[in-house]
Every structure is written in C-alpha cells, then in structure tokens.
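Colleague: Let me give you the structure first, and then I'll get to my questions.
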Amino acid sequence: MDTGLQDAESRLSRLMADFYEIVDRLNMEDMVQAEPKKVVGYLVEALRPPAFKASVKDQLGRQSHKTTKSNIKLF
Numbered sequence: 001m002d003t004g005l006q007d008a009e010s011r012l013s014r015l016m017a018d019f020y021e022i023v024d025r026l027n028m029e030d031m032v033q034a035e036p037k038k039v040v041g042y043l044v045e046a047l048r049p050p051a052f053k054a055s056v057k058d059q060l061g062r063q064s065h066k067t068t069k070s071n072i073k074l075f
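Letter by letter, the sequence shown follows residues 1 to 75 of the UniProt record's numbering.
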C-alpha cells in the first residue's frame, strides 16, 4: 500500500487499482467473483499501517460486517 498518499480514499483507490492490475496481468479475473472472501483477505493484508490493518480486521470479524467480508464491492 502506498502510504505516500495523504487521504484514506486515495490510498484505497491506489490499492484497488494495483490489485486489479496484478489480477489482470496474471489472468485471474475470475477469482474476484469466485473467491471474494480470499480477495478481501488479500486486500486487508496489504493495508498499512499495522494499527489500521488490525482495526479493519477487528471490524470485519464482527457479525455486523459478515457480508462485507464476502463481497469485494462492499469492502
């Protein structure tokens, strides 16, 4: 994750763009639809700083965010 960007929205946009670029390069576009929980897990692991990543993991672990964990668009 590029932490040189100042606002969270820019960082997340850059993370998503990088992710989709890698998925396209590896011809794994189907994985986004077939394995959404894995995709969300990969994106969470890429988050920085560690305290922010821990906070997101905690929130996703809550029952109220169960659908977010399995839907990349909601993430």
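Cβ atoms here follow ideal geometry from the backbone N, Cα and C, with glycine treated the same way.
Over the uninterrupted alpha helix (DSSP H) stretch that includes residue 62, give me the two end residues.
Modeller: For the purposes of this step, residue 62 is taken as the residue at position 62 of the sequence shown. Segment: none, residue 62 is in no alpha helix (DSSP H) and carries neither H nor E.
Colleague: Rounding to the nearest angstrom, what Cα-Cα distance links residue 55 and residue 47 in this structure?
Modeller: Position 55 of the sequence shown, counted from the first residue, corresponds to residue 55. Position 47 of the sequence shown, counted from the first residue, corresponds to residue 47. Going by the C-alpha atoms only, they are around 10 Å apart.
Colleague: Which of helix, strand or coil does DSSP assign to residue 73?
Modeller: Here residue 73 refers to the residue found at position 73 when the sequence shown is read from its first residue. If DSSP states are grouped into helix, strand and coil, residue 73 belongs with coil.
Colleague: If we define contact as Cβ-Cβ less than 7 Å, is residue 54 a contact residue for chain D?
Modeller: No chain D is present in this structure, which holds just one protein chain.
Colleague: Identify whether residue 17 lies in helix, strand or coil by the three-state DSSP scheme.
Modeller: Within the sequence shown, residue 17 is the residue found at index 17, counting from 1. Here residue 17 sits in helix by DSSP.
Colleague: Rounded to whole angstroms, what is the Cα-Cα separation between residue 68 and residue 44?
Modeller: Along the sequence shown, read from residue 1 onward, the residue named residue 68 stands at position 68. Along the sequence shown, read from residue 1 onward, the residue named residue 44 stands at position 44. Between residue 68 and residue 44, the C-alpha separation is close to 12 Å.
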